[in-house]
Amino acid sequence: MTFLQPNLLWALPLVLVPVVIHLINRLRHKPQPWAAMMFLVAASRASTSHAKLRQWLVLLFRVLAVLALILFLSRPLAGGWLGWAMAAAPDVILLVLDRSASMETKPGDGQPTRREQALRLFAEGAKPFERTSRLVLLDSASRGAQEVASAESLTQVTSALASDTAADLPAMLQTALDWIARTKPGTVEIWLASDLQRSNWQPDSERWAALAAQFAALPQGARLRLLALNQAGTANNIAVSVAELNRRAGAQAAELDLVLQFERNTATPAKVPLAITLDGRVSTIEVTLEGQEARYRHRLVLDSPTASGWGKVELPPDANGRDNTAYFVFGPPPPLRTVVVAADGASGRFLKFAAAPLLADTNRVAELVTPEKFANVSLPETALVLWHAPLPAGGVVEKLRLFAEAGGAVLFFAAGEAGRFESSGFGQVETAAEDKPWAITKWDEKEGPLARTEEGLNLPLADLLIAKRQVVTGEPGAVAMFGDGGAWLTRRNVGKGQMLFCATALLPEWSSLSEGTVLVPLVQRLLLAGGRRFTESALLACGETTFGEGEAWTTVDAAAAKDIRLEAGVYRLGPRLVAVNRPARESDAEVLESEKARQLFGKISVRLFDEARQGKAGLQSELWRFFLLAMGGFLLLEAALILPPKTRETAAGAGPEVRTA
Numbered sequence: 003m004t005f006l007q008p009n010l011l012w013a014l015p016l017v018l019v020p021v022v023i024h025l026i027n028r029l030r031h032k033p034q035p036w037a038a039m040m041f042l043v044a045a046s047r048a049s050t051s052h053a054k055l056r057q058w059l060v061l062l063f064r065v066l067a068v069l070a071l072i073l074f075l076s077r078p079l080a081g082g083w084l085g086w087a088m089a090a091a092p093d094v095i096l097l098v099l100d101r102s103a104s105m106e107t108k109p110g111d112g113q114p115t116r117r118e119q120a121l122r123l124f125a126e127g128a129k130p131f132e133r134t135s136r137l138v139l140l141d142s143a144s145r146g147a148q149e150v151a152s153a154e155s156l157t158q159v160t161s162a163l164a165s166d167t168a169a170d171l172p173a174m175l176q177t178a179l180d181w182i183a184r185t186k187p188g189t190v191e192i193w194l195a196s197d198l199q200r201s202n203w204q205p206d207s208e209r210w211a212a213l214a215a216q217f218a219a220l221p222q223g224a225r226l227r228l229l230a231l232n233q234a235g236t237a238n239n240i241a242v243s244v245a246e247l248n249r250r251a252g253a254q255a256a257e258l259d260l261v262l263q264f265e266r267n268t269a270t271p272a273k274v275p276l277a278i279t280l281d282g283r284v285s286t287i288e289v290t291l292e293g294q295e296a297r298y299r300h301r302l303v304l305d306s307p308t309a310s311g312w313g314k315v316e317l318p319p320d321a322n323g324r325d326n327t328a329y330f331v332f333g334p335p336p337p338l339r340t341v342v343v344a345a346d347g348a349s350g351r352f353l354k355f356a357a358a359p360l361l362a363d364t365n366r367v368a369e370l371v372t373p374e375k376f377a378n379v380s381l382p383e384t385a386l387v388l389w390h391a392p393l394p395a396g397g398v399v400e401k402l403r404l405f406a407e408a409g410g411a412v413l414f415f416a417a418g419e420a421g422r423f424e425s426s427g428f429g430q431v432e433t434a435a436e437d438k439p440w441a442i443t444k445w446d447e448k449e450g451p452l453a454r455t456e457e458g459l460n461l462p463l464a465d466l467l468i469a470k471r472q473v474v475t476g477e478p479g480a481v482a483m484f485g486d487g488g489a490w491l492t493r494r495n496v497g498k499g500q501m502l503f504c505a506t507a508l509l510p511e512w513s514s515l516s517e518g519t520v521l522v523p524l525v526q527r528l529l530l531a532g533g534r535r536f537t538e539s540a541l542l543a544c545g546e547t548t549f550g551e552g553e554a555w556t557t558v559d560a561a562a563a564k565d566i567r568l569e570a571g572v573y574r575l576g577p578r579l580v581a582v583n584r585p586a587r588e589s590d591a592e593v594l595e596s597e598k599a600r601q602l603f604g605k606i607s608v609r610l611f612d613e614a615r616q617g618k619a620g621l622q623s624e625l626w627r628f629f630l631l632a633m634g635g636f637l638l639l640e641a642a643l644i645l646p647p648k649t650r651e652t653a654a655g656a657g658p659e660v661r662t663a
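Each residue of the sequence shown is one higher than the last, beginning at 3 in the working numbering.
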């Protein structure tokens, strides 16, 4: 037997209080053997044994009443057959609801969304327990526990409405455990409704082992019931998001280069109308989609080179209305600064020209420094670092790592010296035969710094002549490879940014890279990628940004006010304009199987929601009701024993009978 309030067991010595009072009372009435009373004692000897028995019973019931009171207040729990036999409805049913954007998917045409299905099943399942159990709702968007008055009111609760956020299931369950530890309820049932989206459940997270241990350590135990809404839908659905947003100077006017990402649940080619809104003006284009994933680039002409504003792209209604719209904002183009670190002046000048090829373009500036002076260079306003020198060491390593984590891009070129930069680096130098230079045969043509041009043309990487190369060590992902399988360009994501390693140098005895046909596009694309960190503050993921208390954000994209913490849209606070979109991981189509989700809880029993509700030998049931009734029974028996016996009136006590004539 365990107790929810074990500290109250220190009061167990209080059961001796009736015994002490009884002994004190006996001392007060200590009998004295004097002659006048001996006759009465002898006369009542027959009833003395009954009186002593009654006194001992009164003392026993008083002790048991105090003991039952202490056990009642300490809230004991019983497991095994006793807990099963005395089990009643749970004290609390904790309804854990996944409110992520993917829960707004309709499995079929005309059917309710998965979130609406979950609320309906919650209401039906909780209705028999309304009078005996407390209903508490915990949602993924607010992560706050709210007591619900009745099962029917679940659909009207604000914290159960649709949202554009993502869910973090380990964090939700940790919140549930914290609530149980703080409020100390009796028996608890946790009903969890989710579509089992892998990105939300994070099955590889180390937090699951800690959660399973905490559930197992609960003194009262907890029944877990899973409402798995991971069935594949039959209705078609297309999701759109803004993958890239770049502002550039066009031939006639400033342009906004918009790269859209489309994800579908079918691979059938289709033509889809797309409505584009730019500062309130709406235009419609037709997009041809092939495959389940596709990217589409579209250019929007701006009114002026310094114009700022907002826009959105919108698909027709389908199975999930929450992934049909993507928002964006734009402002004056930020200056893109490049720092070139070179040990020789010729290579440094080539790289400086590749980063800022037009002197008239004041938005692109490049600074050339030596490795010795780089420690004094400020990087907060920098988008790209080009390193054509031996790999750095000491404090420079930490400086570059922090720069990349903040969203910047770093490109290292081979310099002929072996070295390491954290987990990557350069190894030995290899020289090709005079008549057989190495050729680059494979690279990522779809996305990244070596992707096709806007016209669909490949970069001329195959035309590069590589006479010398230096082996790239470590395990970064290869972006371009030689014909023999060696890596020419590798990339490693670091925080919000990236680090790249190129296996050759710009020196003429090494390669023809300095000709610029590959170098300039490569550097310019990395410059744009690093420069996005200056505009990311205006592109936010719904539910993943903390806003200050009292901030009054105004809705820009709609007449009705929206909540910036829960709904996607365009919002303004003073001069600041931000676009809030659903998190990118909400487009993840991979879901967990129900059995895999069960295994995440370790040895804790998890039942599917449609399985019969059953007791479990390992579960604990509260016994406080039993001890409360026992205390009342002991007090009633004690009261019955101390009541004085009824006396019958005798004729002698009533006096002589008087008759009158």
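Don't be surprised by glycine CBs; every beta carbon is placed ideally from N, CA and C.
Going by DSSP, residue 240 is part of the beta strand (DSSP E) stretching over 240-251.
Rounded to the nearest angstrom, the gap between the Cα atoms of residue 644 and residue 60 is 7 Å.
Apart from sequence neighbours up to five positions away, the residues of its chain that approach residue 572 with a beta-carbon distance below 8 Å are 312, 314, 329, 331, 557, 558, 559, 579, 580, 581, 582, ordered along the chain. By the CB criterion at 8 Å, residue 157 and residue 121 fall inside the cutoff.
Look at residue 583 here: in three-state DSSP terms it is strand. Looking at the backbone, the Cα of residue 150 and that of residue 377 are separated by about 59 Å. Within the model, the alpha-carbon separation for residue 453 versus residue 244 is close to 18 Å. Pairing residue 389 with residue 414 gives a Cβ-Cβ distance under 8 Å.
Looking from the CA of residue 630, the closest CA among 67, 62, 21 belongs to 67.
The beta carbon of residue 368 sits closer than 7 Å to the beta carbons of 340, 342, 354, 357, 358 from its chain, once the five residues preceding and following it are set aside; these are given in chain order. Distance from the CA atom of residue 128 to the CA atom of residue 606, rounded to whole angstroms, is 22 Å. Residue 470 is a Cβ neighbour of residue 511, given a cutoff of 8 Å.
Under a 10 Å Cβ-count criterion, residue 520 is classified as buried, with 16 or more other Cβ atoms of the shown protein chains found around its own Cβ. Between residue 489 and residue 409, the alpha-carbon positions lie close to 24 Å from each other. Just so you know, the alpha carbons of residue 21 and residue 64 end up roughly 9 Å apart. Considering only 412, 536, 273, the residue with the shortest C-alpha distance to residue 491 is 412. Residue 564 counts as buried, since no fewer than 16 other beta carbons sit within 10 angstroms of its beta carbon. The DSSP-derived three-state label of residue 193 is strand. Taking C-beta atoms as the reference points, residue 544 and residue 167 count as a pair closer than 8 Å.
For the set 417, 25, 170, 513, the Cα lying nearest the Cα of residue 546 is the one of 170. Remark: C-beta atoms of residue 590 and residue 201 approach each other more closely than 8 Å.
Annotation: residue 535 is outside any beta strand (DSSP E) and is labelled neither H nor E by DSSP. A straight line joining the alpha-carbon of residue 210 with that of residue 423 spans about 33 Å. With a beta-carbon spacing of about 7 Å, residue 482 and residue 444 fall inside the 8 Å limit used to define contacts. Under the DSSP definition of a beta bridge, residue 330 partners with 313.
A Cβ-Cβ distance of about 25 Å is found for the pair residue 298 and residue 338, leaving them out of contact under the 8 Å criterion. In this structure, 177 is the residue among 133, 134, 177, 123 with its C-alpha nearest to the C-alpha of residue 148. When DSSP assignments are scanned along the segment 124-212, the uninterrupted stretches of beta strand (DSSP E) that are 3 or more residues long and fall wholly within it turn out to be 136-141, 147-150, 190-196. Taking all protein chains in view, the Cβ of residue 189 is crowded by 16 or more other Cβ atoms within 10 Å, so the residue is classified as buried.
Sixteen is the threshold: since fewer than 16 other Cβ atoms of the shown chains lie within 10 Å of the Cβ of residue 308, the residue is exposed. DSSP places residue 601 in the uninterrupted alpha helix (DSSP H) bounded by 596-601. With the rule of 3 Cβ pairs closer than 8 Å, the segment 221-230 does not count as touching the segment 255-275.
Under the three-state reduction of DSSP output, residue 470 falls in the strand class. DSSP places residue 354 within a helical segment (H, G or I) once states are collapsed to three. If you draw a 10 Å sphere on the C-beta of residue 108, you find 16 or more other C-beta atoms in it, and that means buried. In the DSSP assignment, residue 500 forms a beta bridge with 411, 495.
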